[in-house]
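Report on the following structure.
In the numbering used here, the protein residues as written are 8 to 160.
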């Protein structure tokens, strides 16, 4: 009886590489959640869902933040300045318009800047970020961004 009990206990242990596989699946699921969200709204960002999640991981940011800001600022890139690739209203005020060469450049630049100029200064929640990102409409902007982030769980 002792041997069979030991065999069962040993057999019940997950393989050592199971943790890595679960981590990969977790990242895949985030990408798929973002992809499906973007697809639901026919966003031109849909093919860039992996870029969004990868940039968030690279800069230790919430992977839901960029899609949520894009929804708030441009209805997921449906209402942007032509050829700007700027779905986030980034650096657009008055006559100033920030343009990017492509969506991956925009995703990388904005995520990195959110990390270094917002998150690293303790601005993490949408309400904290809004104070710098959109100071003229802080509460409404933050409520909308938070709502979308909650849809991406």
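We put the CB at the ideal spot given by N, CA and C, even for glycine.
So, at 7 Å on beta carbons, what are the nonlocal neighbours of residue i in its own chain, with the 5 sequence-adjacent residues on each side left out?
i	result
residue 104	88 and 91
residue 84	50, 51, 52, 77 and 94
residue 66	118, 119 and 122
residue 153	133
residue 164	Because residue 164 is not part of the residues shown, which for the chain are 8 to 160, the question remains open.
Quick check: residue i and residue j, are their CB atoms within less than 9 Å of each other?
i	j	result
residue 56	residue 39	yes
residue 98	residue 80	no
residue 58	residue 115	yes
residue 110	residue 125	no
residue 64	residue 34	yes
In angstroms with no decimal places, state the Cα-to-Cα distance between residue i and residue j.
i	j	result
residue 123	residue 47	31 Å
residue 149	residue 137	6 Å
residue 143	residue 36	35 Å
residue 54	residue 43	10 Å
residue 107	residue 73	15 Å
Could you tell me how far apart the beta carbons of residue i and residue j are, in whole angstroms, since I believe they sit closer than 8 Å?
i	j	result
residue 159	residue 41	7 Å
Considering only residues of the same chain and omitting the five flanking positions on each side of residue i, which have a CB-CB separation below 8 Å?
i	result
residue 145	134, 137 and 138
By Cβ distance below 6 Å, which residues in the same chain neighbour residue i in space, the five residues on each side in sequence not counted?
i	result
residue 155	75 and 78
**Request:** May I have a chain-ordered list of the alpha helix (DSSP H) segments no shorter than 4 residues that lie completely inside the region 30 to 115?
**Result:** 56 to 65 and 72 to 81
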